[in-house]
Amino acid sequence: DVKVTQSSRYLVKRTGEKVFLECVQDMDHENMFWYRQDPGLGLRLIYFSYDVKMKEKGDIPEGYSVSREKKERFSLILESASTNQTSMYLCASAGTPLYEQYFGPGTRLTVT
Amino acid sequence: GESVGLHLPTLSVQEGDNSIINCAYSNSASDYFIWYKQESGKGPQFIIDIRSNMDKRQGQRVTVLLNKTVKHLSLQIAATQPGDSAVYFCAENMGVIQGAQKLVFGQGTRLTINP
Numbered sequence: 433d434v435k436v437t438q439s440s441r442y443l444v445k446r447t448g449e450k451v452f453l454e455c456v457q458d459m460d461h462e463n464m465f466w467y468r469q470d471p472g473l474g475l476r477l478i479y480f481s482y483d484v485k486m487k488e489k490g491d492i493p494e495g496y497s498v499s500r501e502k503k504e505r506f507s508l509i510l511e512s513a514s515t516n517q518t519s520m521y522l523c524a525s526a527g528t529p530l531y532e533q534y535f536g537p538g539t540r541l542t543v544t
Numbered sequence: 067g068e069s070v071g072l073h074l075p076t077l078s079v080q081e082g083d084n085s086i087i088n089c090a091y092s093n094s095a096s097d098y099f100i101w102y103k104q105e106s107g108k109g110p111q112f113i114i115d116i117r118s119n120m121d122k123r124q125g126q127r128v129t130v131l132l133n134k135t136v137k138h139l140s141l142q143i144a145a146t147q148p149g150d151s152a153v154y155f156c157a158e159n160m161g162v163i164q165g166a167q168k169l170v171f172g173q174g175t176r177l178t179i180n181p
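These protein sequence lines map, in sequence, to chains A and B.
Each residue of the first sequence is one higher than the last, beginning at 433 in my numbering.
Each residue of the second sequence is one higher than the last, beginning at 67 in my numbering.
Shown next as structure tokens:
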């Protein structure tokens, strides 16, 4: 079974802090994604990566950056957390087809 | 603009009945349509896909219907069980846009099962 793990299930941070969300997949997938999920808005793509050291902006990249130094690991970074970044963050990976994505359990981030 | 939407945000059905979850889409160029299931406390899970040149696809207890004339997608779950309680998302694969695959998710429908 494909397994996508995320470093934390719940996280509470203060405004202005730098936040790292880690994601690891064990299926040797080239493609990895970061989404945020908010009530009424569904899943919105923040960034994705189709190879090591490669990254592409999604629909809402502002305030976020990513890092992919190894194939199995994709990190989401909030450079300076703000309250409007309080959300559920979901990581996913995919091989082929790209739309068959395997999601982690999510990290619920609260910024106070 | 282009969007994937849902007709009903919540759906409540009796255990053992069939469930039908609907979805409207607007991009006629999408090549695949996908359904995901998200149980409480978990990430979304791929259920089934359908290619745009098909109008029906069946899986285990699930059937996807695609009506391209009215741009409508539905997920039918037969003999609904308590384990089917979840939020269901439709998504459309809009192909390559600006060098990247574009997968657009709908807002989701919450399915609850009454005993």
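The C-beta atom is built at its ideal place from N, Cα and C for all residues, glycine as well.
The structure displayed is predicted, hence computed values, not measured ones.
Note down the Cα distance separating V484 of chain A from G490 of chain A, rounded to an integer number of angstroms.
17 Å
Selected residue, minimal CA-CA separation from T539 of chain A, among A:L453, A:R446, A:K435:
A:L453
Relative to the C-alpha of K137 of chain B, which residue among B:A152, B:I113, B:D97 is closest?
B:D97
Identify whether G149 of chain B lies in helix, strand or coil by the three-state DSSP scheme.
helix
Below 8 Å between beta carbons: does that hold for V498 of chain A and L508 of chain A?
yes
From what residue to what residue does the beta strand (DSSP E) around T129 of chain B run?
128-133
Express the C-alpha separation of F155 of chain B and Q111 of chain B in angstroms, rounding to a whole number.
10 Å
Assigned secondary structure, N84 of chain B (DSSP; H/G/I helix, E/B strand, else coil)
coil
May I ask you to list, following chain order, the residues of the region 108-130 of chain B that have a beta carbon less than 8 Å from some beta carbon of chain A?
K108, G109, P110, Q111, F112, D115
Between the CA atoms of R176 of chain B and N84 of chain B - distance to the nearest angstrom:
15 Å
Go ahead and pull the three-state DSSP assignment for T447 of chain A.
coil
Of the residues A:A513, A:K445, A:R505, A:I492, the one placed nearest C523 of chain A, counting alpha carbons only:
A:R505
Comparing C-alpha positions only, which one of A:T515, A:Q517, A:K503 sits nearest to V436 of chain A?
A:K503
Element boundaries [beta strand (DSSP E), containing T515 of chain A]
Where T515 of chain A is concerned, there is no enclosing beta strand (DSSP E), given that its DSSP letter is neither H nor E.
What three-state label does DSSP hand G161 of chain B in the structure shown?
strand
From which residue to which residue does the beta strand (DSSP E) around L530 of chain A run?
Segment: none, L530 of chain A is in no beta strand (DSSP E) and carries neither H nor E.
Would S139 of chain B pass as an interface residue toward chain A - the criterion being a Cβ-Cβ separation below 8 Å?
The question names Ser, but residue 139 of chain B is Leu in the sequence shown. Not an interface residue.
Helix or strand or just coil, what does DSSP make of R500 of chain A?
strand
Rounded to whole angstroms, what is the Cα-Cα separation between N159 of chain B and K134 of chain B?
15 Å
Specify the secondary structure class of D491 of chain A as computed by DSSP and reduced to three states.
coil
What in chain A is Cβ-close to I100 of chain B, meaning under 7 Å?
Y531
Answer with buried or exposed for S92 of chain B, where buried requires no fewer than 16 other C-beta atoms within 10 angstroms of its C-beta.
exposed
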